[in-house]
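Working notes, structure below.
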Amino acid sequence: MNKRWNADQITNQKGKVIIITGGNRGLGYEICLQLAKKNATIIIACRTELKGKQAIQKIEQELDKKIDARVIPIDLVNLNSVKEFAINFKKEYSRLHVLINNAAVVSLKEKTINSTGLEMHMATNHYGHFALTNLLYPILKKTPNARVVTMSSGSHKFGNINFDDLNWEKRPYNRSKSYGDSKLANLIFARSLQQKFDKDEVSTISVAAHPGLSATKRQQTIGFGGWLSKNLAQPVWKGALPALKAATDPNVKPAAYYGPKYGLSGYPVISKMDKKVFDDEVAEKLWEVSEQIIGTKF
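Quick note: the sequence shown, position 98, residue 113 per the numbering used here, numbers continuous.
Right, dumping it as structure tokens:
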């Protein structure tokens with residue numbers, strides 16, 4: 016494995032259709048920028064069409080060329096919006112080479128719930144992407160060598176899937192643990208999804224990634240972590256490399272987890288996952304609960 020893998024090693028992506036949730040800012044924007052540089056067809060999935068279009072304009076200015084990109088609005092905490100996104104995407108495209116489940120809310124200071132009573136970290140980071148992947152599953156299966164890249168975090172080590180209190184109604188709310196729960200769920204989902212692809216005997220693979228500590232504007236506003244991000248974080252372009260490798264490198268391993276070599280920083284390598292990720296009983300139950308919540312089976 017090349018220990019210094021970087022975006023220059025991404026091959027020409029012309030003809031590849033790639034969805035990036037939250038592609039209008041932060042890590043998502045950087046991922047879009049690098050993939051657009053390599054001529055991919057970019058679909059920015061974000062809440063506001065205007066912000067997505069502004070991101071496309073900014074990328075075109077930075078690259079000094081017209082790019083193949085469009086915005087399809089999505090609100091991951093609204094299942095009707097997720098369904099509408101999938102309908103709109105399928106109207107335009109018959110294939111999907113890469114789905115990058117990138118969008119996230121991070122360490123919300125106060126407990127927040129969506130309109131259906133779901134805690135916002137899990138609603139956005141896990142259930143929303145679970146629903147989106149589910150709706151796009153048929154097109155992913157029929158696209159040769161497609162990939163689903165799910166973004167997690169080193170915070171998954173502090174997470175715990177408490178099925179008796181998924182919405183933090185019984186426990187005092189803890190922003191770090193709540194975020195960690197959702198990032199643990201992301202990794203469990205990525206592994207379970209690979210098992211489903213294997214069972215269906217398709218060439219599509221599921222891969223996970225994390226950015227380490229990256230200097231995104233949002234990250235820099237969050238408590239002590241924000242101070243660390245301002246003073247110690249690696250640049251955003253470097254934080255985006257694990258996801259870019261997971262999305263494009265032909266040597267990527269199914270169900271692997273890519274992150275910075277030194278945990279918080281460095282070039283992308285395979286990262287270790289907490290042993291909680293490998294609890295098959297929890298994984299099976301999380302899949303079932305997630306299907307119940309989104310109201311649809313895979």
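Every residue gets a Cβ at the ideal spot worked out from N, C-alpha and C, and that includes glycine.
Go ahead and label residue i buried or exposed: buried means 16 or more other beta carbons lie within 10 angstroms of its beta carbon, across all protein chains shown.
{"i": "arginine 19", "result": "exposed"}
{"i": "aspartate 179", "result": "exposed"}
{"i": "serine 109", "result": "exposed"}
{"i": "asparagine 175", "result": "exposed"}
{"i": "proline 187", "result": "exposed"}
{"i": "proline 165", "result": "Sequence check: residue 165 is threonine here, not proline. Buried."}
{"i": "glycine 30", "result": "exposed"}
{"i": "asparagine 177", "result": "exposed"}
{"i": "methionine 16", "result": "The predicted model places methionine 16 with a pLDDT of 43, which falls under 50 and marks its position as unreliable; any figure quoted below should be read in that light. By the neighbour-count rule (16 or more Cβ atoms within 10 Å), methionine 16 is not buried but exposed."}
{"i": "glycine 132", "result": "exposed"}
{"i": "tyrosine 142", "result": "buried"}
Is it the case that the Cβ atoms of residue i and residue j are separated by a distance below 7 Å?
{"i": "isoleucine 89", "j": "isoleucine 82", "result": "no"}
{"i": "valine 32", "j": "isoleucine 59", "result": "no"}
{"i": "arginine 206", "j": "alanine 270", "result": "yes"}
{"i": "valine 284", "j": "lysine 276", "result": "yes"}
{"i": "glutamine 28", "j": "leucine 42", "result": "no"}
{"i": "lysine 260", "j": "tryptophan 183", "result": "no"}
{"i": "asparagine 129", "j": "valine 163", "result": "no"}
{"i": "alanine 146", "j": "isoleucine 309", "result": "yes"}
{"i": "leucine 151", "j": "leucine 111", "result": "yes"}
{"i": "serine 191", "j": "histidine 136", "result": "no"}
{"i": "glycine 278", "j": "proline 257", "result": "no"}
{"i": "serine 122", "j": "proline 159", "result": "no"}
{"i": "aspartate 289", "j": "lysine 172", "result": "yes"}
Tell me which residues share the same chain as residue i and place their Cβ nearer than 6 Å to its Cβ, disregarding the 5 neighbours each side in the sequence.
{"i": "glutamate 45", "result": "Val251, Trp252 and Ala255"}
{"i": "serine 167", "result": "Lys198, Asn201, Leu202, Ala223 and His225"}
{"i": "aspartate 196", "result": "Gly174"}
{"i": "proline 306", "result": "Checking the sequence, you will find glutamate at residue 306 rather than proline. Contacts found: Lys312."}
{"i": "arginine 62", "result": "Asp90"}
{"i": "isoleucine 25", "result": "Lys53 and Thr263"}
{"i": "isoleucine 71", "result": "Ala84"}
{"i": "histidine 144", "result": "Asn116"}
{"i": "alanine 55", "result": "Gln28, Lys31 and Ile33"}
{"i": "alanine 298", "result": "Ile203 and Ser207"}
{"i": "glycine 67", "result": "Asn39, Ile59, Cys61 and Val86"}
{"i": "threonine 139", "result": "Leu91, Val92 and Val120"}
Let me check understanding here. Comparing Cα to Cα, which of the options lies closest to residue i?
{"i": "glutamate 64", "options": "Ala55, Asn39, Glu77 and Cys47", "result": "Asn39"}
{"i": "phenylalanine 293", "options": "Gln210, Thr263 and Val92", "result": "Gln210"}
{"i": "alanine 13", "options": "Ala261, Val92 and Val113", "result": "Residue 13 cannot be examined here, being either before or after the span of the chain that is shown, 16 to 313."}
{"i": "serine 280", "options": "Lys291, Lys156, Ala248 and Pro265", "result": "Ala248"}
{"i": "isoleucine 154", "options": "Ala298, Ile102 and Ser191", "result": "Ile102"}
{"i": "serine 221", "options": "Gln76, Met288, Tyr272 and Lys290", "result": "Tyr272"}
{"i": "phenylalanine 212", "options": "Gly227, Lys157 and Lys300", "result": "Lys157"}
{"i": "serine 286", "options": "Lys214, Gly227, Lys98 and Lys66", "result": "Gly227"}
{"i": "asparagine 189", "options": "Glu134, His141, Glu303 and Ile57", "result": "Glu134"}
{"i": "asparagine 149", "options": "Gly169, Lys98, Asn140 and Leu181", "result": "Lys98"}
{"i": "lysine 300", "options": "Lys214, Tyr282 and Leu181", "result": "Leu181"}
{"i": "glycine 6", "options": "Asp79, Lys291, Gln69 and Ala138", "result": "Because the chain here runs from 16 to 313, residue 6 falls outside it and cannot be looked at."}
{"i": "isoleucine 57", "options": "Asp79, Phe104 and Leu94", "result": "Phe104"}
Might you give, ordered along the chain, the residues of its own chain that have their beta carbon closer than 8 Å to the beta carbon of residue i, omitting 5 neighbours on each side?
{"i": "phenylalanine 239", "result": "Confidence in phenylalanine 239 is poor, its pLDDT being 47 and thus under 50, which makes the residue's placement too unreliable to answer from."}
{"i": "glycine 37", "result": "Gly43, Ala60, Cys61, Asn117, Ala118 and Ala119"}
{"i": "glutamate 77", "result": "Leu48"}
{"i": "glutamine 69", "result": "Asn39"}
{"i": "lysine 185", "result": "Asp179"}
Excluding the 5 residues flanking residue i on each side, which residues of the same chain have their C-beta closer than 7 Å to its C-beta?
{"i": "serine 96", "result": "Ile89 and Asp90"}
{"i": "alanine 22", "result": "Gln49, Leu256 and Leu259"}
{"i": "valine 304", "result": "Phe178"}
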